[in-house]
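Participant: Quick note, in our numbering, the sequence shown goes up one by one and the last residue is 144.
Please see the structure below; I have some questions.
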Amino acid sequence: MTRRFLTALLALALGPGIAGSTLAADGETLFRFYCAQCHGIEGKGDGPNVTGDFPVDPRDFTKTAEMNKLSDADIRNVIIDGGPIADKSPMMPPWGKTLNDAEIKALVEYLRQLCNCTGKTG
Numbered sequence: 023m024t025r026r027f028l029t030a031l032l033a034l035a036l037g038p039g040i041a042g043s044t045l046a047a048d049g050e051t052l053f054r055f056y057c058a059q060c061h062g063i064e065g066k067g068d069g070p071n072v073t074g075d076f077p078v079d080p081r082d083f084t085k086t087a088e089m090n091k092l093s094d095a096d097i098r099n100v101i102i103d104g105g106p107i108a109d110k111s112p113m114m115p116p117w118g119k120t121l122n123d124a125e126i127k128a129l130v131e132y133l134r135q136l137c138n139c140t141g142k143t144g
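Okay, structure coming up:
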């Protein structure tokens, strides 16, 4: 009985960490939490924060032609350092101190799914 109890306790203790790391690498979950407020749940730039007085139009990640002009490194840099790093909106915050490398990679991969494109190489 004690062994079963300890096994259950260990599973409970480790469970959230394992689940958390799995969720952390899920680009869609990260996008919905960090990005959808401005970029919209489908990535079309129509999030709930974008009202009539919003100073810029957030990028529409579903526009394949526009997204194909960007390399993964370009997208990564904007995620890490925010919009001003790419002469884009100061409304785009830097996430480099919030997200780890795996999470940023997962976000870039998810954005590539939204645009159905691979982007600029080199």
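Glycine is no exception: its CB is placed at the ideal position from the N, C-alpha and C atoms.
Note that the structure is a prediction, hence the values are computed from the model and not measured.
(1) What do you reckon, are the CB atoms on residue 49 and residue 129 nearer than 8 Å?
(2) Give the DSSP-derived three-state secondary structure of residue 43 in the structure shown.
(3) Please specify which runs of the alpha helix (DSSP H), each continuous and at least 4 residues long, are wholly inside the segment 82-144, giving them in chain order.
(4) What span of residues does the alpha helix (DSSP H) with residue 51 cover, start to end?
(5) Would you kindly work out how many angstroms separate the C-alpha atoms of residue 183 and residue 142, rounded to a whole number?
(6) From what residue to what residue does the alpha helix (DSSP H) around residue 60 run?
(7) Report yes if the C-beta distance between residue 133 and residue 55 is below 8 Å; otherwise report no.
(8) Just to confirm, is the Cβ distance from residue 116 to residue 103 under 8 Å?
(9) Residue 123 to residue 100, Cα distance in whole Å?
Facilitator: Per the coordinate set shown:
(1) Residue mapping note: residue 49 aligns to position 27 of the sequence shown, counting from 1. Residue mapping note: residue 129 aligns to position 107 of the sequence shown, counting from 1. Taking 8 Å as the Cβ cut-off, residue 49 and residue 129 qualify as a contacting pair.
(2) As a first step, residue 43 is located in the sequence shown; it is residue number 21 there, counting from the start. For residue 43, the pLDDT reaches just 45, beneath the cut-off of 50, and the residue's location in the model is therefore unreliable, leaving the point undetermined.
(3) 86-89, 94-103 and 123-137
(4) Counted from its first residue, the sequence shown places residue 51 at position 29. First-last of the alpha helix (DSSP H) with residue 51: 49-52.
(5) The question about residue 183 has no answer here: the residues shown for the chain are numbered 23 through 144.
(6) Translated into the one-based positions of the sequence shown, residue 60 becomes position 38. Here the alpha helix (DSSP H) through residue 60 covers 58-61.
(7) What you label residue 133 is simply residue 111 of the sequence shown in a count that begins at 1. What you label residue 55 is simply residue 33 of the sequence shown in a count that begins at 1. In this structure, residue 55 does not lie closer than 8 Å to residue 133 by Cβ.
(8) Taking the first residue of the sequence shown as position 1, residue 116 is located at position 94. Taking the first residue of the sequence shown as position 1, residue 103 is located at position 81. The answer is yes: Cβ separation under 8 Å.
(9) The sequence position of residue 123 within the sequence shown is 101, counting from 1. The sequence position of residue 100 within the sequence shown is 78, counting from 1. When rounded, the distance between both Cα atoms is 13 Å.
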